[in-house]
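Going by our numbering, the sequence shown opens with residue 459, and the numbers climb by one from there.
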Amino acid sequence: MSEAAPPAERIGLARIFKAFFVLGATSFGGGVVAYLREALVVRERWLDDRTFVEGLELAQMLPGLNATNMSVYVGERLRGAPGALVACLGMMLPGTIVVMTLGVLLAENAKAWDVSSVLLGVGSAAVGLLLQTTWRLAKPVILDAFDVAIAAATFAGVSLLRLPLPLVLLVIAPIAIGCRRPRGATPTGAGAATTAGDGDAGGHS
């Protein structure tokens, strides 16, 4: 995978913290990928779609939440270690505050709130956002039937067969890498002519 160059503009740490603080305060559940793309690719334009997918792949491979891993990845690209730190803090702080506050409120008012209906509504919205984002991200990276087959096999292994993700990756990843590995190009044109000339010269000596 090609590594895109970080933005030429020097992004302030306060701006990075603010962007991820807003993300942490407004993103929910599985739909967080949609919020991340909207903020980082569309609004801030710190990443393009291909670089976003590369970062998301890395975030999913590492332990921890995808959103937190992405904040570290983007913050480090923008401002190195300080950027990674403030981005991670910005991403985690709103959730920490909200969860602690809701925990206290739910403990005191659990019987008065229809909590299950609220969570069902939020979950449905998150699924819709995630499907839309998956479609947008798939278009630039799924190029042919082989890519579709790899994606379908991964989905089937994890979602339908309920296999552990590391096991699925251990099987699927070597196949995908092997089939997509760049092959050595056959010399053509001037290079081929030079090779042929050298062979003739060697034959005449």
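Each residue gets a CB set at the ideal place from its N, CA and C atoms; glycine is no exception. These figures come from a predicted structure and were not determined experimentally.
Following the DSSP letters along the chain, one finds Glu515 inside the alpha helix (DSSP H) bounded by residues 507-519. Residues of the same chain with a CB within less than 7 Å of the CB of Ala525, apart from the 5 flanking positions on each side, are Ser485, Val490, Leu494, Met549 in chain order. Bounds of the alpha helix (DSSP H) holding Ile635 are 623-638.
Of all alpha-carbon atoms in Ile630, Pro540, Ala596, the one lying nearest the alpha-carbon of Gly470 is that of Pro540. Taking 7 Å as the cut-off, the beta carbon of Ile608 is found closer than this to the beta carbon of Ala634. Taking one beta carbon from each stretch, the stretch 503-520 and the stretch 559-566 have fewer than 3 pairs nearer than 8 Å; the two do not touch. If you draw a 10 Å sphere on the C-beta of Thr509, you find 16 or more other C-beta atoms in it, and that means buried. Of the candidates Ala477, Gly533, Asp605, Pro624, the residue whose Cα lies closest to the Cα of Gly636 is Asp605.
In the three-state DSSP reduction, Trp593 falls in the helix class (H, G or I).
Ala542 is positioned such that its CB atom lies closer than 7 Å to that of Gly533. Within a 10 Å sphere around the beta-carbon of Met558 sit fewer than 16 other beta-carbons, which makes this residue exposed. For Gly522, there is no enclosing alpha helix (DSSP H), as DSSP marks it with neither H nor E. Residue state for Gly470 is assigned as coil, using DSSP reduced to three classes.
Each of Phe479, Leu551, Phe475, Glu496 was checked against the Cα of Leu536, and the nearest Cα belongs to Phe475. In the structure shown, the three-state DSSP call for Ser485 is coil.
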